[in-house]
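Participant:
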Amino acid sequence: MNHPKDMNMTKLHTVCPHNCPDTCGLTVGVRQGVVQHVTGQASHPVTKGVICEKVRHYPKKIYSEKRLKKPLKRIGGKGEGKFAEISWSQAMAEISAELLNVKKRYGGRSILPYSYSGTIGVIQNASMDRRFFNRLNSAMIERTICSAAGNAAFLYTMGAQVGIDPEDTVHSSLIIIWGANTLLTNIHQWLLIEEARKKGAKVIVIDVERTETAKKADQYIQVSPGTDGVLALGLIHVLFEQELVNQTFIRRHTIGVDHLKEEALAYTPEYVEEMTGVKAEVLKQLAIKYAAHKASFIRIGNGQQHHTNGGMNTRAILCLPALTGAWQHRGGGAIFFNLSQGRVNSKALERPDLRTEKAKLINMNSLGEALVARKDPVKALFVYNSNPASVNQDQLTVLKGLKREDLFTVVHEQTMTETAMYADYVLPATTAMEHLDLYKSYWHRYWQIGKPVIKPLGEAVCNTELFRKLADACGFKEECFLEDDETLIRQAIIDKPNHWQEDLLAGKAVKWPLEDVDDVEPWTAGDYLTPSGKIEFYSEQMKQHGLSPVPSINKLMKKGEDEWWLLSSPHRRGLNSQFLTSFYDEGEEEPLAVIHPKTAGKCKVVEHDTVSLFNRNGSIEVKVKVDDRVAESVIMIRGVWPHKAFGGKNTNALTTNKLSDFGGGATYFTTLVKIKKKQ
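Oh and the sequence shown: position 631 is 631 in full-length UniProt numbering, straight run, nothing missing.
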């Protein structure tokens with residue numbers, strides 16, 4: 001018998017759109033066109049009905065009083081938040097006229113589209129928007145804010161940005177979670193790990209903080225910030241010294257082992273202890289334990305690669321499964337971002353052929369520099385799927401650029417974000433519950449279609465519809481700007497097997513075609529996509545790029561006696577700059593700076609004191625929580641909070657504009673601050 005609250009309730013399936021590896025299948029309860037609740041889709045082969053706290057609260061996001069429902073035009077100063085409602089026809093006419101004027105006066109390269117992963121849906125993330133900006137001959141943003149250093153390390157070492165099938169990790173016998181709080185950021189990987197534990201697997205966590213995941217592990221190893229590569233090279237040193245490497249696998253599948261061995265000689269257990277804080281004996285035992293398990297698995301997280309040496313950190317870690325031959329055993333190997341498993345037909349979606357001029361490239365982590373540059377300046381900024389005023393490093397320079405009166409700025413958003421406050425026009429955007437999209441995970445191998453479960457609120461439009469409108473207003477006549485979202489989805493998968501396409505379009509979660517398994521797991525056939533065709537301990541390509549051809553950590557930033565590393569790890573309720581604002585506004589939670597008891601004693605602060613964290617870049621004020629889960633050298637603030645939580649800016653006011661050693665990645669965690677109690 002139906003419960004009264006379920007009467008007249010329709011249950012519909014869709015997909016979580018957020019930048020998370022799990023890409024969960026969702027079941028949405030809808031009554032009279034209104035979302036009542038969001039739960040997990042039990043039939044999904046990997047996520048199996050389990051979802052996180054963030055998405056469970058999704059109706060709050062959809063129906064927030066802060067949802068934008070009409071186009072807005074600025075009537076006050078930039079950053080004041082004064083706007084007037086206008087019609088879509090007026091907005092499109094004025095925005096298109098200004099973009100075309102900027103192009104005519106300064107060239108297409110002076111127009112900068114800025115987007116990232118407000119949705120990871122294939123179509124709403126990168127299709128009609130790319131066509132529009134290619135047709136404008138605009139500048140192009142290098143989207144490197146998240147995992148660029150780690151992904152580049154995989155390309156140099158393995159030839160592909162891909163690891164093992166996560167479903168196989170139930171067969172792992174030893175699991176190392178390195179630089180990730182998996183219980184918060186990849187919950188379904190943890191559930192698979194628990195299955196492996198039932199079969200006897202042991203779990204080791206390596207991190208700077210004793211996280212929720214670390215507390216559930218069999219062993220926790222605390223490492224000093226940014227020294228993960230030193231620790232990995234120390235393990236490599238012991239593996240060679242104790243003759244624990246798999247010579248057969250190395251001979252058949254790798255290149256440059258002698259160069260790696262020579263480099264590792266300097267990373268003695270004693271040196272590693274000095275640099276990382278990990279005891280020499282713990283290092284030795286870990287190396288021996290790792291080598292003893294054929295099906296050893298390393299879940300490489302984001303934390304260790306958000307440093308100035310983040311690429312080398314990842315590359316050093318990635319050498320470990322090749323040295324022991326773990327790749328050849330089911331459940332053995334590593335995962336970082338499984339980007340290569342499941343390629344879409346991006347040329348068909350993005351239409352680079354529409355471009356008639358070579359694009360000017362701007363690294364998104366250097367947005368502040370680009371916005372304040374006097375030479376070849378950015379004159380128009382178009383932001384969607386992102387909130388750079390909050391998430392970008394070197395925040396104060398970004399805000400300075402956004403304040404420019406001569407910078408024409410358009411923001412497409414769901415709510416009035418920090419970035420939207422500086423816009424000339426703000427256009428209302430749909431949520432994932434209100435539009436069609438195609439989803440593929442960067443962790444598991446299942447693709448899904450996310451269908452709209454409700455109509456768009458107010459006058460909100462999805463990304464693809466926005467750029468169709470703009471193309472029409474600009475007078476673009478190419479037929480590709482008339483194609484609907486279902487056509488775009490078909491173009492994205494046109495080169496896939498027919499039966500696979502049919503199942504996907506019918507609403508099933510379908511696994512990346514087995515016909516392409518050698519592309520997904522090149523090591524199973526011993527056919528790597530590197531220049532040498534092998535796993536490259538020594539990379540000639542890196543040498544040609546001016547980098548050390550073998551993993552090497554030859555320069556670590558030193559901290560002063562009165563300085564601490566400031567780290568901002570993921571919050572259970574937030575995802576980048578999303579979700580936390582509502583919890584802060586409702587008084588449920590606020591940001592806290594977690595410091596070690598010895599740090600508190602040294603700085604003469606106690607629990608709940610307000611302190612100033614500052615460096616040459618800026619300062620913020622925040623309350624203190626005293627807890628020994630962090631190292632003495634660390635100040636930890638969970639989440640990217642709204643600016644108002646710190647009085648007008650957030651932790652990125654303290655970060656620099658430095659990039660990672662390679663890949664052009666963000667270096668949020670190479671941030672040193674001083675601490676002072678507020679009187």
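Ideal Cβ positions, reconstructed from N, Cα and C, are used throughout, including at glycine. On a predicted model such as this, the values are computed, not experimentally measured, just so you know.
Using three-state DSSP, classify L567 as helix, strand or coil.
Facilitator: Working through the sequence shown from its first residue, we reach residue 567 at position 567. Strand.
Participant: DSSP on Y290, reduced to helix/strand/coil?
Facilitator: Here residue 290 refers to the residue found at position 290 of the sequence shown. In the structure shown, Y290 sits in a helix (DSSP, three-state: H, G or I).
Participant: In this structure, does DSSP put A380 in helix, strand or coil?
Facilitator: Position 380 of the sequence shown, counted from the start, is the residue given in the question as residue 380. Three-state result, A380: strand.
Participant: Kindly identify the DSSP beta-bridge partner or partners of Y425.
Facilitator: Numbered from 1 along the sequence shown, position 425 holds the residue referred to as residue 425. According to DSSP, which records beta bridges pairwise, Y425 is partnered with K73 and V410.
Participant: Given that a residue counts as buried once 16 or more other Cβ atoms are within 10 Å of its Cβ, and exposed if not, what is V606?
Facilitator: As a first step, residue 606 is located in the sequence shown; it is residue number 606 there, counting from the start. By the 10 Å Cβ count, V606 comes out exposed.
Participant: Express the C-alpha separation of N338 and I255 in angstroms, rounding to a whole number.
Facilitator: Sequence index remark: in the sequence shown, residue 255 carries index 255 (1-based). Sequence index remark: in the sequence shown, residue 338 carries index 338 (1-based). If I take the Cα positions, the gap works out to 23 angstroms.
Participant: Going by alpha carbons, who is nearest to R210 out of L457, A631 and S346?
Facilitator: Within the sequence shown, residue 210 is the residue found at index 210, counting from 1. Closest option to R210, Cα to Cα, is A631.
Participant: Look at the alpha carbon of G310 and the alpha carbon of D22, and state the distance between them as a whole number of angstroms.
Facilitator: Within the sequence shown, the letter at position 310 stands for residue 310. Within the sequence shown, the letter at position 22 stands for residue 22. Distance between the alpha carbons of G310 and D22: 23 angstroms.
Participant: With respect to the alpha helix (DSSP H) encompassing T324, which residues constitute its N-terminal and C-terminal limits?
Facilitator: Within the sequence shown, numbered from 1, the residue matching residue 324 stands at position 324. T324 -> alpha helix (DSSP H) spans G310 to T324.
Participant: Which residues mark the beginning and the end of the alpha helix (DSSP H) in which A237 is found?
Facilitator: Numbered from 1 along the sequence shown, position 237 holds the residue referred to as residue 237. Checking the sequence shown, residue 237 turns out to be His, not Ala. H237 -> alpha helix (DSSP H) spans D228 to E241.
Participant: Taking DSSP as the reference, what is the three-state secondary structure of E274?
Facilitator: Locating residue 274 in the sequence shown gives position 274, counting from the first residue. The DSSP-derived three-state label of E274 is helix.
Participant: Give the DSSP-derived three-state secondary structure of D258 in the structure shown.
Facilitator: By one-based count along the sequence shown, residue 258 stands at place 258. Helix.
Participant: CB I288 to CB A334, shorter than 7 angstroms?
Facilitator: One-based indexing of the sequence shown puts residue 288 at position 288. One-based indexing of the sequence shown puts residue 334 at position 334. Result no, Cβ atoms of I288 and A334 do not sit closer than 7 angstroms.
Participant: Could you please give me the residues that DSSP links to N363 through a beta bridge?
Facilitator: Indexing the sequence shown from 1 puts residue 363 at position 363. For N363, which the question treats as bridged, DSSP gives the partners E142.
Participant: Using three-state DSSP, classify S386 as helix, strand or coil.
Facilitator: Stepping through the sequence shown from its first residue, residue 386 is reached at position 386. Here S386 sits in coil by DSSP.
Participant: Determine whether the beta carbon atoms of G29 and H44 lie at a separation below 7 angstroms.
Facilitator: Within the sequence shown, the letter at position 29 stands for residue 29. Within the sequence shown, the letter at position 44 stands for residue 44. No. Outside cutoff.
Participant: Is it true that the CB of C319 sits closer than 7 angstroms to the CB of F537?
Facilitator: If you number the sequence shown from 1, residue 537 lands on position 537. If you number the sequence shown from 1, residue 319 lands on position 319. For F537 and C319, yes; Cβs fall inside 7 angstroms.
Participant: Could you check the C-alpha separation between S552 and E262 for me, to the nearest Å?
Facilitator: Taking the sequence shown and counting its residues from 1, the one referred to as residue 552 is at position 552. Taking the sequence shown and counting its residues from 1, the one referred to as residue 262 is at position 262. If I take the Cα positions, the gap works out to 11 angstroms.
Participant: Are P388 and Y584 closer than 7 angstroms when you measure CB to CB?
Facilitator: The residue labelled residue 388 in the question sits at position 388 within the sequence shown. The residue labelled residue 584 in the question sits at position 584 within the sequence shown. No, these two residues do not count as a Cβ contact at 7 angstroms.
Participant: Please report the residue range of the alpha helix (DSSP H) in which W88 lies.
Facilitator: Your numbering for residue 88 matches position 88 in the sequence shown. It spans W88 to Y106 - the alpha helix (DSSP H) in which W88 sits, taken as one unbroken run.
Participant: If you check the beta carbons only, do Y425 and K73 fall under 7 angstroms apart?
Facilitator: Counting from 1 along the sequence shown, the entry for residue 425 is found at position 425. Counting from 1 along the sequence shown, the entry for residue 73 is found at position 73. Contact: yes.
Participant: Under 8 angstroms by Cβ, that's how I've got I193 and V208 pegged, so tell me the actual separation to the nearest angstrom.
Facilitator: By one-based count along the sequence shown, residue 193 stands at place 193. By one-based count along the sequence shown, residue 208 stands at place 208. Actually they do not touch by this definition, with Cβ atoms about 20 angstroms apart.
Participant: Do you know offhand how far G647's Cα is from S619's?
Facilitator: Reading the sequence shown from its first residue, position 647 is the one you call residue 647. Reading the sequence shown from its first residue, position 619 is the one you call residue 619. Near 10 angstroms, if we compare the C-alpha coordinates of S619 and G647.
Participant: When you compare the CB positions of H608 and K623, do they come within less than 7 angstroms of one another, or not?
Facilitator: By one-based count along the sequence shown, residue 608 stands at place 608. By one-based count along the sequence shown, residue 623 stands at place 623. Closer than 7 angstroms, so yes.
Participant: Roughly how many angstroms separate the alpha carbons of V344 and S127, rounded to a whole number?
Facilitator: Translated into the one-based positions of the sequence shown, residue 344 becomes position 344. Translated into the one-based positions of the sequence shown, residue 127 becomes position 127. Answer to the nearest angstrom: the Cα atoms are 11 angstroms apart.
Participant: Who are the near neighbours of T185 in its chain, counting only those whose CB is closer than 6 angstroms to its CB and skipping five residues on each side?
Facilitator: Position 185 of the sequence shown, counted from the first residue, corresponds to residue 185. For T185, where only same-chain residues beyond five positions count, the Cβ hits under 6 angstroms are P570.
Participant: If you reduce the DSSP assignment to three classes, tell me which class L192 lands in.
Facilitator: Taking the sequence shown and counting its residues from 1, one reaches residue 192 at position 192. Under the three-state reduction of DSSP output, L192 falls in the helix class.
Participant: Rounded to whole angstroms, what is the Cα-Cα separation between P17 and E350?
Facilitator: Residue 17 sits at position 17 when you count from the first residue of the sequence shown. Residue 350 sits at position 350 when you count from the first residue of the sequence shown. Cα-Cα distance, rounded: 20 angstroms.
Participant: Nearest to residue 691 by CA position, among K477, K559 and Y668, is which residue?
Facilitator: Any property of residue 691 remains undetermined from this structure, which presents the chain solely from 1 to 679.
Participant: In the stretch 436 to 497, which residue ranges form an unbroken alpha helix (DSSP H) of at least 4 residues, counting only runs that do not cross its ends?
Facilitator: Those alpha helix (DSSP H) runs which fall completely within the stretch 436 to 497 and span 4+ residues are 463 to 473 and 485 to 492.
Participant: Mapping DSSP to helix, strand and coil, what is M416?
Facilitator: Residue 416 sits at position 416 when you count from the first residue of the sequence shown. Of the three classes helix, strand and coil, the one that applies to M416 here is coil, per DSSP.
Participant: Do F336 and F154 have their C-beta atoms closer together than 7 angstroms?
Facilitator: The residue you call residue 336 lines up with position 336 of the sequence shown. The residue you call residue 154 lines up with position 154 of the sequence shown. Yes, the pair counts as a contact, with Cβ atoms nearer than the cut-off.
Participant: By a C-beta neighbour count over all protein chains shown, 10 Å radius and 16 as the cutoff for buried, is E357 buried or exposed?
Facilitator: For this step, residue 357 is matched to residue 357 along the sequence shown. So E357 ends up on the exposed side.
Participant: Just confirm the distance between the C-beta atoms of residue 680 and N302, as a whole number of angstroms; I'd bet it's less than 8 angstroms.
Facilitator: Nothing in the structure corresponds to residue 680, since the chain is present only between 1 and 679.
Participant: Short check: CB of V223 to CB of T276, under 7 angstroms?
Facilitator: For this step, residue 223 is matched to residue 223 along the sequence shown. For this step, residue 276 is matched to residue 276 along the sequence shown. In contact: V223 and T276 (Cβ atoms closer than 7 angstroms).
Participant: Is the beta carbon of E142 closer than 7 angstroms to that of G587?
Facilitator: For this step, residue 587 is matched to residue 587 along the sequence shown. For this step, residue 142 is matched to residue 142 along the sequence shown. No. Outside cutoff.
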